[in-house]
Amino acid sequence: MFDYTSIKAFHTALQNGQTTCVEAVLFYTQAIREQAHLNAFLELYETEALQRAKELDAAAVSGNLTGPLHGVVVGLKDVIAHKGHTLTASSKMLSNFQSLYNATATQKLLDAGAIIIGRQNCDEFAMGSSNENSAFGPVLNAADNTRVAGGSSGGSAVAVQAGLCMVSLGSDTGGSVRQPADFCGIIGLKPSYGRISRYGLIAYASSFDQIGIFSTSLEDAALVLEVIAGPDEYDSTVAQEAVLPYSKAILKGTIAPETANISNELSEEKIAHAAKKFKLAYFKEALEHPSLDKNIQEQTLAYFERLKQEGHTVTAIDFSLLEYVVPTYYVLTTAEASSNLSRYDGVRYGHRTAATGNDLTEMYKASRSEGFGEEVKRRILLGTFVLSEGFYDAYFTKAQQVRQLLKQQTNSIFQEFDAILSPTVPSPAFKIGEKTNDPIEMFLGDIYTVYANLVGIPAISLPLFTHTNGMPFGLQVMTRSFDEMGLIQLSARLMELKS
Ligand code: GLN
């Protein structure tokens with residue numbers, strides 16, 4: 403029986419002849435079929451994945467793997483372009499659309515030897531926090547089928563949670579990787595804005611969007627990041643900052659400098675890191691927020707005490723702007739969405755109304771009204787409103803000013819601290835249907851995640867806790883822009899302290 407723990411362990415098993423890529427693909431295709439009720443996948447590429455697995459097995463002569471992700475079975479959120487494959491953003495608008503090219507992230511996965519197993523369900527155009535906004539039905543949380551998966555990358559999270567693929571790629575504009583990871587008890591990593599190319603990622607809010615990674619092991623997330631990050635001539639917003647060997651920086655076990663054998667495997671740098679005591683901060687307003695579930699609050703604060711016992715400093719700092727992050731996020735992202743989604747007009751892309759008439763404007767209106775779902779329409783209307791003459795300064799300009807203030811405050815926080823910690827979400831996964839009639843409440847659930855996208859810093863949700871109701875929940879860790887290395891190293895230390 404195929405058993406998966408990490409890419410590294412899978413590669414060792416391949417090299418020892420204990421498994422094959424074909425065996426892996428057969429295992430996952432069967433699991434996806436057996437768990438079809440979860441609705442995590444919109445499409446399974448069975449024949450194609452099996453063919454690729456055969457080729458990879460044949461190419462790996464005498465244990466030489468073809469690349470760092472050789473045979474790694476990956477799922478893609480339905481907003482990431484995959485040449486020759488359907489790409490719908492879980493929207494009726496694009497239900498017949500086929501991608502003409504690969505996203506840069508997709509191309510890098512393929513070049514590294516990965517096998518793409520299927521296309522994963524999500525909230526329509528990545529707008530949502532529960533995966534209930536998909537035109538193809540909600541995704542169910544595998545830990546409790548009456549609860550939501552989280553969103554918008556719910557299918558990608560549940561696929562990893564339920565063992566339907568090894569890792570998934572999602573997208574995170576305001577928490578869409580970290581929040582479902584929290585709800586599903588897995589790792590969700592959103593790198594810095596500009597770390598991974600957005601070429602081939604369907605745009606929601608371009609100054610916020612970032613591809614992110616779901617995995618069960620931290621090493622896997624680090625390795626996938628290493629492969630898909632980096633400059634890209636097709637996306638001028640990608641940073642030139644060096645991509646470091648993140649996966650090699652993870653040190654298991656805290657080894658005292660005097661007992662470690664420097665010449666044997668561990669660099670001095672790694673040993674210094676293993677002994678490092680971190681300066682950690684948390685926002686007082688975040689942990690005292692009335693929307694925060696009591697059990698999440700208690701367990702998070704108890705964990706902070708354990709960190710202090712380990713010799714780290716954990717300091718409560720004031721963050722009076724917390725109340726403004728959700729409104730600022732929704733003003734700016736809806737504005738960007740109203741502009742980005744104007745391309746879906748029934749002419750250039752996607753759904754065109756069957757209604758006949760001579761009026762071009764009527765055709766646009768009917769195509770967009772039929773093609774978009776309710777939440778997407780709400781965002782387009784909101785965004786068009788905040789950009790409209792007479793309201794632009796009151797909303798859009800104001801929100802941009804708040805974003806600037808947030809960036810300044812963030813810079814000064816990171817002059818003093820290594821990382822900021824917070825719960826990822828104020829509540830555990832809620833029941834399907836529980837919040838669908840209250841969009842504002844749904845928006846407010848994004849209170850801890852949108853901050854990292856507003857200021858562009860990397861953030862991760864680590865599956866450290868189990869709620870008294872039995873559901874998992876996570877701890878969010880954030881570091882300064884482009885310090886993915888620090889984020890991953892600290893996360894490794896935090897995962898060791900999992901109770
Ligand atoms: N829940 C947030 C929203 O609906 C985040 C979505 C995302 O990160 N794609 O905008």
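Numbering-wise, the working numbering puts 596 at position 194 of the sequence shown, and it's gapless, one number per residue.
Using N, Cα and C, we set each Cβ at its ideal position, and we do this for glycine too.
Candidates Ile409, Tyr850, Asp795, Val475: closest to Phe429 by CA position:
It is Val475 whose Cα lies nearest to the Cα of Phe429.
According to DSSP, is Ser665 part of a helix, a strand, or is it coil?
For Ser665, the predicted structure reports a pLDDT of 39, less than 50, and the residue's modelled location is therefore unreliable. A value from the coordinates is still provided. Coil at Ser665, not helix or strand.
How is Ile533 classed by DSSP in three states: helix, strand or coil?
For the record, residue 533 in the displayed sequence is Asn; it is not Ile. Correct three-state label for Asn533: coil.
Identify, in the order they occur along the chain, each residue of the same chain with its Cβ nearer than 7 Å to the Cβ of Ser649, setting aside the five sequence neighbours on each side.
Excluding sequence neighbours, Ser649 sits near Glu621, Ala624, Leu625, Glu628.
Reference Met880, options Gly858, Thr868, Met897, Thr870, closest by Cα
The option with the nearest alpha carbon to Met880 is Gly858.
Any chance the CB of Tyr575 is under 7 Å from a heavy atom of the ligand GLN?
Residue identity check: residue 575 is Thr in the sequence provided, not Tyr. Answer for Thr575: yes, Cβ within range of the ligand GLN.
For the ligand GLN, is there any heavy atom lying closer than 7 Å to the beta carbon of Thr735?
Residue side-chain check: Thr735 places its Cβ nearer than 7 Å to a non-hydrogen atom of the ligand GLN.
Can you tell me whether Val481 is buried or exposed? The criterion is at least 16 other CB atoms within 10 Å of its CB, across all chains shown.
A residue is called buried once 16 or more other Cβ atoms fall within 10 Å of its Cβ, and Val481 is buried on that count.
Just curious, the alpha helix (DSSP H) that Met880 is in, first and last residue?
Here Met880 belongs to no alpha helix (DSSP H); instead the beta strand (DSSP E) covers 874-880.
With hydrogens ignored, establish whether the beta-carbon of Met529 is closer than 7 Å to any heavy atom of the ligand GLN.
A heavy atom of the ligand GLN is found nearer than 7 Å to the CB of Met529.
Sort Gln811, Leu566, Ser492, Ser536 by Cα distance to Gln432 and report the nearest one.
With distances taken between Cα atoms, Gln432 lies closest to Leu566.
Asp848 beta carbon near the ligand GLN (any heavy atom closer than 7 Å)
Yes - the ligand GLN has a heavy atom lying nearer than 7 Å to the Cβ of Asp848.
What is the DSSP secondary structure of Thr508, reduced to helix, strand or coil?
In the structure shown, Thr508 sits in a helix (DSSP, three-state: H, G or I).
With 16 as the cutoff for other CB atoms within 10 Å, does His484 come out buried or exposed?
A residue is called buried when at least 16 other Cβ atoms come within 10 angstroms of its Cβ; His484 meets this threshold and is buried.
Distance CB(Phe610)-CB(Asp820) smaller than 8 Å:
Taking 8 Å as the Cβ cut-off, Phe610 and Asp820 do not qualify as a contacting pair.
Quick one: is Arg708 buried, meaning 16 or more other Cβ sit within 10 Å of its Cβ, or exposed?
The Cβ neighbour count for Arg708, taken over all protein chains shown within 10 Å, is under 16; the residue is labelled exposed.
Note down, in chain order, each residue of its chain lying with its Cβ closer than 6 Å to the Cβ of Thr639, except the 5 sequence neighbours on either side.
In its chain, beyond the 5 residues on either side, Gly596 have a beta carbon closer than 6 Å to the beta carbon of Thr639.
Cβ-heavy atom distance, Tyr606 to the ligand GLN, below 7 Å
Yes; taking the cut-off as 7 Å, the Cβ of Tyr606 has a heavy atom of the ligand GLN nearer than that.
When you compare the CB positions of Ala451 and Ile518, do they come within less than 8 Å of one another, or not?
Note that the C-beta distance between Ala451 and Ile518 is below 8 Å.
Name the DSSP beta bridge partners of Val500, please?
As written in the sequence, residue 500 is Gln, which differs from the Val given in the question. Partner(s): Thr488.
If Pro593 sits next to Asn441, beta carbons under 8 Å apart, how far is it from one beta carbon to the other, in whole angstroms?
Contact between Pro593 and Asn441 does not hold, since their C-beta atoms are separated by about 28 Å, which reaches or exceeds 8 Å.
Taking all protein chains shown into account, decide if Ile842 is buried (16 or more other Cβ within 10 angstroms of its Cβ) or exposed.
It is exposed - the Cβ of Ile842 has fewer than 16 other Cβ atoms within 10 Å.
Delimiting residues of the alpha helix (DSSP H) encompassing Glu628:
Its alpha helix (DSSP H) spans residues 620-630.
Would you mind working out which of Pro633, Gly486, Leu646, Phe685 sits nearest Asp720, comparing C-alpha positions?
Closest by alpha carbon: Phe685.
Three Cβ pairs or more, each shorter than 8 Å: is that satisfied between the stretch 799-816 and the stretch 516-535?
Here the stretch 799-816 makes no contact with the stretch 516-535; the two share fewer than three CB pairs at distances below 8 Å.
Please classify Gln581 as buried or exposed, where buried requires at least 16 neighbouring CB atoms within 10 angstroms.
Gln581 is buried by the Cβ-count criterion.
What's the C-alpha gap between Leu502 and Gly773?
Distance from the CA of Leu502 to the CA of Gly773, rounded to the nearest whole angstrom, comes to 21 Å.
Starting from the N-terminal side, write out each stretch of the beta strand (DSSP E) that is 3 residues or longer and does not extend beyond the stretch 780-807.
For secondary structure counted as the beta strand (DSSP E) over 3 or more consecutive residues, the stretch 780-807 holds no complete run.
Could you check how far apart the C-beta atoms of Pro828 and Ile849 are, in whole angstroms? I think they sit under 8 Å.
Rounded, the Cβ-Cβ distance is 6 Å, consistent with contact.
Which residues in the same chain have their Cβ closer than 6 Å to the Cβ of Gly655, if we skip the five residues on either side of it in sequence?
Legend: pLDDT at Gly655 = 42, less than 50; position of this residue unreliable, no value from coordinates given.
Just verifying my parser: in three-state terms, what is the DSSP assignment at Ile588?
Annotated three-state conformation of Ile588 is coil, per DSSP.
Find out if the Cβ-Cβ distance for the pair Thr838, Glu534 is shorter than 8 Å.
In contact: Thr838 and Glu534 (Cβ atoms closer than 8 Å).
Whole angstroms are fine: how far does the CA of Gly876 sit from the CA of Ala831?
Straight-line Cα distance between these residues: approximately 11 Å.
Compare the Cα-Cα distances from Ala357 to each of Thr868, Phe884, Gly602 and report the closest residue.
Since the first and last residues shown for the chain are 403 and 901, residue 357 lies out of range.
In whole angstroms, give me the CA-to-CA distance for Leu889 and Asp840.
Here the alpha carbons of Asp840 and Leu889 stand approximately 35 Å from one another.
Integer-rounded CB distance, given that Val562 should sit under 8 Å from Phe585:
Not confirmed; about 12 Å, so no contact.
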